[in-house]
Structure formats: structure tokens, C-alpha cells
Amino acid sequence: QAGHLLGAADIRRLADQAGVSPTKKLGQNFVIDPGTVRHIVRLAALLPQAQVLEVGPGLGSLTLGLLEAGAQVTAVEIDPRLAALLPSTVAAYMPQSVQRFSIVQQDALTVSPQTNPQLAQAPSLTLVSNLPYNVATPILLNLLERFNNLQSALVMVQKEVADRLVAEPGSKIYGIPSAKLAWYGSAKRVGRVGRNVFWPAPNVDSALVSFQRAPQDAAGNLHGSAAARDRTFQLIDAAFAQRRKTLRSALSDLVEPPAFAAAGIDPQRRGETLSIAEFARLAAL
Ligand code: SAM
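Heads up: the sequence shown runs through residues 33 to 317, numbered per full-length UniProt numbering.
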């Protein structure tokens with residue numbers, strides 16, 4: 033077993049051992065293809081001994097690939113049966129790396145510097161994850177909000193979610209996730225993943241998104257300003273809640289009419305045409 037990544041037979045055996053029959057509710061689709069794992073790890077472009085947060089390690093397919101690449105991995109898994117099995121899988125397949133691995137059984141939506149101080153202490157953190165599909169966007173945005181040291185990410189998500197995360201202003205699918213992610217930095221789609229590399233095969237296609245945090249947030253604050261972010265996100269939520277309306281009307285409760293002129297933004301425009309820098313400018317007034 034030692035030194036090899038998980039294939040289809042390993043996955044079935046480990047699922048049996050954990051007593052898990054994968055559930056849709058938790059987005060449990062496990063990667064059974066070492067080539068896909070190595071591809072994801074390569075795209076993450078990890079520095080030697082990088083500190084990696086992996087959300088939803090499942091049976092360990094990606095975890096073993098990250099350890100193989102020399103990373104220090106903290107994995108957060110919600111399913112207690114999977115969390116309990118993972119240490120013995122790492123010990124069996126990647127015995128030389130047990131010191132670089134830790135697992136927390138927790139809902140990734142609740143992960144914060146308060147509950148997980150060791151993550152906050154890392155000088156630089158990278159998220160590498162095959163995210164549970166139904167909560168992928170909130171997990172990503174929460175982690176970026178809570179961990180200023182989260183510098184980069186390489187995540188696998190449902191293809192439609194990936195398209196929305198990286199969409200540009202003016203496109204039909206530009207929306208709340210695109211604008212909020214752009215607050216923190218830049219994202220791009222870096223690949224597609226077919227259904228047959230998973231067990232069980234999902235009924236959606238997947239895609240890979242790579243993200244780099246910008247040195248300053250979209251309002252120009254070097255270490256990020258929570259107040260500027262909250263106000264900007266308030267305007268984004270309101271603008272997209274009424275997508276077809278002009279900014280003047282969608283933001284009438286939140287923005288005084290003269291602020292539009294001061295920010296150099298035509299109030300007849302719709303929110304779906306505003307870049308994150310424009311939202312931030314309007315929010316600052
Ligand atoms: N990383 C594994 C792989 O690539 O084979 C599994 C990926 S699977 C798509 C998603 C994993 O996230 C499952 O193991 C599931 O139990 C876990 N999960 C689901 N919701 C979660 C949550 N809120 N917090 C942490 N883990 C979660």
C-alpha cells in the first residue's frame with residue numbers, strides 16, 4: 033500500500049471499512065483516479081512544506097497527493113466515520129508523512145481563528161479542496177473572510193459554480209459570488225474534470241478554480257478592512273437582489289443620490305455591470 037495513491041479498489045475497500053455508503057447530502061463523491069489528484073496538486077503550485085487546509089478529505093484521495101508533494105496538511109471533515117478512518121489511511125499509504133498531517137472533525141462552515149488557532153498561526157495558508165458541492169461558495173467566502181493568511185486556493189467545484197465564481201461584470205452569470213470573491217483577489221478557471229474520475233459518479237460536471245489573494249482588498253486596504261468589506265457586501269447583496277433594476281432604485285435605501293456622481297457611477301446602470309472596484313468606491317461614500 034505504501035507510496036501509492038488511491039484507486040477505485042482502494043476507495044471501495046476504505047468506504048467499506050469506514051462503514052460509509054456515500055451520501056448526496058454531504059456531496060460525497062470520492063476521486064478514484066491518481067492522475068486527477070496529481071493534476072490538482074500540480075495546479076496548486078505548492079511551495080516546499082506549504083501549509084495546506086483541505087476541506088472534506090473524505091477517504092483521503094487528495095490528502096495523500098498533497099502529502100506526497102511535501103505539504104503540511106490540516107484536513108477538516110464533517111463526517112465522523114471518515115474523519116476517524118483517515119489517520120490509519122495516511123499511516124498505511126504515506127507512513128513517512130504522518131507528522132505532517134492532522135485531521136479535525138468539524139463543519140468547515142464553522143472553522144475560524146477562534147476554533148482553529150493553529151490555522152490562523154500559519155504564515156501563509158493554501159486551501160486545496162474538492163469542496164462539498166452544495167456548500168462550496170459559502171465555505172470559500174467564509175474562509176477568505178476569517179483567515180487573512182489564506183493566500184491562495186485551488187478548488188474543485190461544480191462547473192456552473194466555477195463559471196459563476198470567475199465571471200466578469202456584464203456577463204449573464206456575474207453575480208454575488210463573482211463580486212464577493214473579486215473583493216479578495218483574482219480567480220480563474222484552470223480546468224475541467226469529468227464525472228468518471230469519481231465514485232460514485234456525480235450527475236454534474238466539475239471544474240477547477242485557482243485563486244490568488246490580492247495584496248490589498250478592493251478598497252485599497254493593505255490588511256483588509258472588515259468595515260469596508262461589510263458595507264461593500266451590503267451593496268452587492270442589495271444590487272443583485274433586484275438584478276433588473278437600476279442602481280438608483282435597487283440601492284435607494286442604502287446610497288444617497290449624490291454619492292453616485294461622487295463615485296463617478298451612473299445611477300441608471302444595473303448592479304450586474306459594476307466591477308468590485310466600483311462597488312467598493314460607492315460603498316466608501
Ligand atoms: N476530498 C475527497 C476526494 O477528493 O475524494 C472527498 C471530496 S467529496 C466531494 C466532499 C467531502 O466533504 C466529503 O468527504 C464530505 O463528507 C465532506 N463534507 C461535506 N460537507 C462538509 C462540511 N460542511 N464541512 C467539512 N466537510 C464536509
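Virtual Cβ for every residue (Gly too), placed ideally from N, Cα, C.
Since this is a predicted model, take the numbers as computed values, not measurements.
Status (buried if at least 16 other CB within 10 Å, exposed otherwise) for valine 236: As a working mapping, residue 236 is identified with position 204 in the sequence shown. So valine 236 counts as exposed.
Please classify threonine 147 as buried or exposed, where buried requires at least 16 other C-beta atoms within 10 Å of its C-beta. Looking up residue 147 in the sequence shown gives position 115. By the neighbour-count rule (16 or more Cβ atoms within 10 Å), threonine 147 is not buried but exposed.
State the beta-bridge partners of threonine 106 as determined by DSSP. Against the sequence shown, residue 106 aligns to sequence position 74. Partner(s): Leu85 and Ser134.
Does the distance from the C-beta atom of alanine 246 to that of glycine 217 stay below 8 Å? As a working mapping, residue 246 is identified with position 214 in the sequence shown. As a working mapping, residue 217 is identified with position 185 in the sequence shown. Going by C-beta atoms, alanine 246 is nearer than 8 Å to glycine 217.
Taking 7 Å as the cut-off, does the CB of asparagine 228 come closer than this to any heavy atom belonging to the ligand SAM? If you number the sequence shown from 1, residue 228 lands on position 196. Outside the cutoff, so no.
Using 7 Å as the cut-off, classify the Cβ of isoleucine 135 as near or not near the heavy atoms of the ligand SAM, replying yes or no. In the sequence shown, the residue the question calls residue 135 occupies position 103. Relative to the ligand SAM, the beta carbon of isoleucine 135 is positioned no closer than 7 Å to any heavy atom.
Closer than 7 Å: is that where the CB of proline 164 sits relative to any heavy atom of the ligand SAM? Along the sequence shown, read from residue 1 onward, the residue named residue 164 stands at position 132. For the ligand SAM, at least one heavy atom lies less than 7 Å from the Cβ of proline 164.
Reduced DSSP category for glutamine 60 - H, G, I as helix; E, B as strand; rest coil: For the purposes of this step, residue 60 is taken as the residue at position 28 of the sequence shown. Here glutamine 60 sits in coil by DSSP.
What does a CB cutoff of less than 8 Å around aspartate 269 pick up in its chain, not counting 5 residues either side in sequence? Looking up residue 269 in the sequence shown gives position 237. The residues are Ile208.
Quick check on DSSP: helix, strand or coil for serine 210? As a position in the sequence shown, residue 210 is number 178, starting the count at 1. It is helical.
Nearest candidate by alpha-carbon position, reference arginine 227, set Gly35, Leu98 and Phe62: By one-based count along the sequence shown, residue 227 stands at place 195. Per the Cα distances, Phe62.
Report the three-state DSSP secondary structure of arginine 227 (helix, strand or coil). Translated into the one-based positions of the sequence shown, residue 227 becomes position 195. Helix.
Under DSSP, the beta strand (DSSP E) around glutamine 153 begins and ends at which residues? Walking along the sequence shown from the start, residue 153 turns up at place 121. Glutamine 153 -> not in any beta strand (DSSP E); alpha helix (DSSP H) instead, spanning 149-153.
In angstroms, rounded to a whole number, what distance separates the CA positions of valine 105 and proline 80? Locating residue 105 in the sequence shown gives position 73, where the first residue counts as 1. Locating residue 80 in the sequence shown gives position 48, where the first residue counts as 1. Approximately 12 Å between the Cα atoms of the pair.
Rounded to the nearest angstrom, what separates leucine 286 and proline 54 at their Cα positions? Walking along the sequence shown from the start, residue 286 turns up at place 254. Walking along the sequence shown from the start, residue 54 turns up at place 22. When rounded, the distance between both Cα atoms is 45 Å.
Arginine 224 classed as buried or exposed, judged by whether at least 16 other C-beta atoms fall within 10 angstroms: If you number the sequence shown from 1, residue 224 lands on position 192. Exposed, since its Cβ has fewer than 16 Cβ neighbours within 10 Å.
Assuming phenylalanine 179 and alanine 214 make a contact with CB atoms under 8 Å, what is their CB distance in whole Å? Here residue 179 refers to the residue found at position 147 of the sequence shown. Here residue 214 refers to the residue found at position 182 of the sequence shown. Actually they are not in contact, since the Cβ atoms of phenylalanine 179 and alanine 214 sit about 18 Å apart, beyond 8 Å.
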